[in-house]
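A quick write-up on the structure given underneath.
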Amino acid sequence: MSRVLKTPLVEEDVRSLHVGDVVFLSGVVVTARDAAHRRMIEHIQSGKPIPVNLRGGVIYHCGPIIRRLDDGRMEVISAGPTTSSRMDIFEPFIISRLGARMIIGKGGMGGSTIDAMKRYGAVYAAFPGGAGVLAASKIKRVVGVEWMELGMPEALWILEVESFGPLVIAIDSSGKSLYARGSR
Amino acid sequence: MDEETLERIIIKAIKRAASTVPPDVKFALSQALRRETNDIARMQLEAVIENIRLAEEKKLPVCQDTGILYFYVRLPQLADAELIRKTILNATIKATYEIPLRPNAVDSVTGENSGNNVGVNVPWIEFEPSGGDCVEITVFLKGGGADNVSALESLPAGEGLGGIKRSVIKAVMKAGGGPCPPVVLGVGVGGGAYIAMKLAKRALMRPISERNSDPRIAQLENEILEDVNRTGIGPMGLGGETTAIGVNVEVAHRHPASYPLVVLFNCYAVRRVKVKVFPDGKCQFE
């Protein structure tokens, strides 16, 4: 089954997704890796606001290559997923406190993240690893960037995407995982 | 050969390494797609092949993780190693902005990104003396996801080749979808831990269409490849019959007490380019 989803995502739609489904996503995704996850949690714990709204949102585990053009616009050069398991130590908190409904990445995630997905209604979607130019071709524009001081790979890039995919639902909100076949 | 000419050649080599995949790897991917029967696995392979086509057409980095840069330089007697080292660093900085590459050199203490891919001991540059009169430079870009699952093991010396096969499979199972399978494995066996690591890296430099010249090792390569593809991990860890597209093994004689094994993973996006630079400034890409 292949379908198109639009952000923000609602719980009912997310709960209707099952492992093996293929979806294409239109709307807004926010990139975040290790350093950005850590800082988001530090901000929440100390009561500081974070600069993006992730309620019903999509987190993309990605450290893109972005080129600043002379006129100030930003061009996405290559933007495939990074290995998601590194974010396992942060993601349950992000899902439960910030309300993200979809995590896009590669390689899968572990037990505590899967538990949070079951409990709060979120899914893990795999984008083909290393397919950086293919991913960039589905990103319409850079809406904004926050925490640039973390460096280009680690900043929060807010990206508008159109038919972003193919995304394979690899962990669904009932806790089923395609990765169980391999090592996980 | 002047510095500026050499710098342009190195930038060109970095660009070619970042935005193309070697023909042996492309061939292996297309063969894998022909064999693969799992729908999701086929979708991953099709996306990967389409991505390489797009990257080569647009001359843009295949993967956003343009890695840590490695340079292996074969140096004729009269060449100036220090000048070449300096030129490689300058070319790396310029290539980072021109291509562009992702800035990937992060201070190990402060976490600060240098912004230009140059930092303490990176890019990594190795020199090796050579005969002849041309400087031969191999550029190798190594992404983080595949590097993070590298394995070093000291096997009980009595286990023999069977132990090696079991340990490689164990490393592959543990890595799962992390290193962006289908992977290429560089396996180093023997010597000591350091030697095995060097050998594993050297193994990754060899085209996957070439087998080890020792028929016993060539057979080991074939057997490991078959075993790895029976794990069911599949492209991107989503299940399937294609977990690796190549296994290259390099060996050294070992200490009687030691049986070191190193498994280095490369994602399918093997990014290596070799260029020969002649004294008159002409160059030849392999």
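Chains A and B are the protein sequences, given in the same order.
Every letter in the first sequence is one number past the one before it in my numbering, and letter 115, counting from 1, is 439.
Every letter in the second sequence is one number past the one before it in my numbering, and letter 255, counting from 1, is 236.
Quick reminder that beta carbons are idealized off the backbone N, C-alpha and C, glycines included.
Kindly indicate if chain B contains any beta-carbon less than 8 Å away from that of A/Leu341. On the first sequence, position 17 is the one that residue 341 of chain A refers to. Answer no: the Cβ-Cβ gap between A/Leu341 and chain B never drops below 8 Å.
At a cut of 8 Å, does the region 65 to 74 of chain B reach the region 130 to 144 of chain B through at least three beta carbon pairs? no
For the beta strand (DSSP E) that B/Thr223 lies in, which residues bound it at each end? Translated into positions along the second sequence, residue 223 of chain B becomes position 242. Per DSSP, B/Thr223 belongs to no beta strand (DSSP E) and is neither H nor E.
Contained alpha helix (DSSP H) runs [length at least 4] in the region 79 to 157 of chain B, N- to C-terminal order: 125 to 128, 141 to 156
Between which two residues does the beta strand (DSSP E) carrying A/Met472 extend? Here residue 472 of chain A refers to the residue found at position 148 of the first sequence. No beta strand (DSSP E) contains A/Met472, which DSSP labels as neither H nor E.
Where the region 330 to 358 of chain A meets chain B: residues whose CB sits under 8 Å from a CB there: Gly344, Val346
Proximity to B/Glu222 [Cα-Cα], best of B/Gln200, B/Val230, B/Thr212: By 1-based counting over the second sequence, the position of residue 222 of chain B is 241. Comparing Cα positions, the closest option is B/Thr212.
If the cut is a Cβ gap below 9 Å, which residues of chain B does A/Leu422 touch? Here residue 422 of chain A refers to the residue found at position 98 when the first sequence is read from its first residue. Neighbours of A/Leu422 on chain B: none; closest Cβ ~23 Å, over 9 Å.
Minimum C-alpha distance to A/Ser487 - residue among A/Pro477, A/Arg362, A/Lys462: One-based indexing of the first sequence puts residue 487 of chain A at position 163. The residue with the shortest Cα to Cα distance from A/Ser487 is A/Lys462.
Short of 7 Å Cβ to Cβ, which residues in the region 428 to 446 of chain A face chain B? Lys430, Gly431, Gly432
Does the distance from the CB of B/Lys257 to the CB of B/Cys115 come in under 8 Å? Walking along the second sequence from the start, residue 257 of chain B turns up at place 276. Walking along the second sequence from the start, residue 115 of chain B turns up at place 134. For B/Lys257 and B/Cys115, yes; Cβs fall inside 8 Å.
Would you list, in chain order, the members of the region 470 to 504 of chain A that have their beta-carbon closer than 7 Å to a beta-carbon of chain B? Gly475, Met476, Pro477, Pro490, Val492, Ala494, Leu502, Tyr503
Verify the CB distance criterion: does A/Pro373 have a CB-CB separation below 8 Å to chain B? As a position in the first sequence, residue 373 of chain A is number 49, starting the count at 1. Cβ-Cβ to chain B under 8 Å: no for A/Pro373.
Which residues mark the beginning and the end of the beta strand (DSSP E) in which B/Glu204 is found? As a first step, residue 204 of chain B is located in the second sequence; it is residue number 223 there, counting from the start. Looking at the DSSP string, B/Glu204 is not in any beta strand (DSSP E); the run it does join, the alpha helix (DSSP H), is 196 to 209.
Going by C-alpha to C-alpha distance, which of B/Gln265, B/Ala152, B/Phe259, B/Ala(-2) sits closest to B/Val120? Here residue 120 of chain B is taken as the residue at index 139 of the second sequence, counted from 1. Closest option to B/Val120, Cα to Cα, is B/Ala(-2).
Name, going along the chain, the residues of the region 144 to 156 of chain B whose beta-carbon falls closer than 9 Å to a beta-carbon of chain C. The structure shown contains no chain C; the protein chains it does contain are A and B.
For chain B, find out if any of its Cβ atoms is closer than 8 Å to the Cβ of A/Val391; answer yes or no. Numbered from 1 along the first sequence, position 67 holds the residue referred to as residue 391 of chain A. The amino acid occupying residue 391 of chain A in the given sequence is Arg; Val does not appear at that position. Closer than 8 Å: yes.
Tell me, please, which residues DSSP counts as bridged to A/Glu484. Position 160 of the first sequence, counting from 1, holds the residue named residue 484 of chain A. DSSP output for A/Glu484 lists A/Val352, A/Arg465 as bridge partner(s).
Hey, does B/Glu31 have any beta-carbon neighbour from chain A nearer than 8 Å? As a position in the second sequence, residue 31 of chain B is number 50, starting the count at 1. Yes, B/Glu31 counts as interfacial toward chain A.
Would you call A/Ser340 buried or exposed, if buried means 16 or more other Cβ atoms sit within 10 Å of its Cβ? Numbered from its first residue, the first sequence carries residue 340 of chain A at position 16. A/Ser340 is exposed by the Cβ-count criterion.
Residues of its chain near A/Ser350, where Cβ-Cβ distance is below 8 Å and the 5 sequence neighbours each way are ignored: Start at 1 with the first residue of the first sequence, and residue 350 of chain A comes out as number 26. Excluding positions up to five away in sequence, the list reads Val328, Leu329, Lys330, Thr331, Val485, Glu486, Ser487, Phe488.
Threshold first: 3 residues or longer. Then list the beta strand (DSSP E) segments lying entirely within the region 382 to 458 of chain A, N to C. 382 to 384, 389 to 392, 398 to 402, 426 to 429, 447 to 450
With a cut-off of 8 Å, do at least 3 Cβ pairs link the region 163 to 175 of chain B to the region 230 to 240 of chain B? yes
Using 8 Å for Cβ pairs, my map puts A/Ala479 next to A/Trp471. What's the rounded Cβ distance? Along the first sequence, read from residue 1 onward, the residue named residue 479 of chain A stands at position 155. Along the first sequence, read from residue 1 onward, the residue named residue 471 of chain A stands at position 147. So it is a contact: roughly 5 Å between Cβ atoms.
Ignore the nearest five residues each way along the sequence and tell me which others in A/Val376's own chain have a CB closer than 8 Å to its CB. The residue labelled residue 376 of chain A in the question sits at position 52 within the first sequence. Cβ within range, chain order: Val354, Glu470, Leu480, Ile482.
Which of helix, strand or coil DSSP assigns to A/Leu378: For this step, residue 378 of chain A is matched to residue 54 along the first sequence. It is coil, neither helix nor strand.
Check the DSSP bridge columns for B/Gln274 and list the partner residues they point to. Given that chain B is displayed from residue -18 to residue 267, the structure contains no residue 274 of chain B and the question cannot be resolved.
Nearest-angstrom beta carbon gap, A/Val467 and A/Val338 [assumed within contact, 8 Å]: One-based indexing of the first sequence puts residue 338 of chain A at position 14. One-based indexing of the first sequence puts residue 467 of chain A at position 143. Rounded, the Cβ-Cβ distance is 22 Å, inconsistent with contact.
Along chain A, which residues have their Cβ under 7 Å away from the Cβ of B/Ala28? Reading the second sequence from its first residue, position 47 is the one you call residue 28 of chain B. Those within 7 Å of B/Ala28 in chain A are Pro452, Ala455, Leu458, Pro490.
B/Lys123 versus B/Tyr249 - alpha carbon distance: Against the second sequence, residue 123 of chain B aligns to sequence position 142. Against the second sequence, residue 249 of chain B aligns to sequence position 268. Roughly 11 Å between the two C-alpha positions.
Applying the 10 Å Cβ sphere with the 16-neighbour rule, what's the burial state of A/Val347? Your numbering for residue 347 of chain A matches position 23 in the first sequence. A/Val347 is buried by the Cβ-count criterion.
B/Ala72 to A/Val334 span [Cα, whole Å]: For the purposes of this step, residue 72 of chain B is taken as the residue at position 91 of the second sequence. For the purposes of this step, residue 334 of chain A is taken as the residue at position 10 of the first sequence. Those two C-alpha atoms are separated by around 49 Å.
Whole-Å CB distance - A/Ala424 paired with A/Gly371, under 8 Å assumed: To locate residue 424 of chain A, count along the first sequence from 1; it is residue 100. To locate residue 371 of chain A, count along the first sequence from 1; it is residue 47. The Cβ separation is near 20 Å, so there is no contact.
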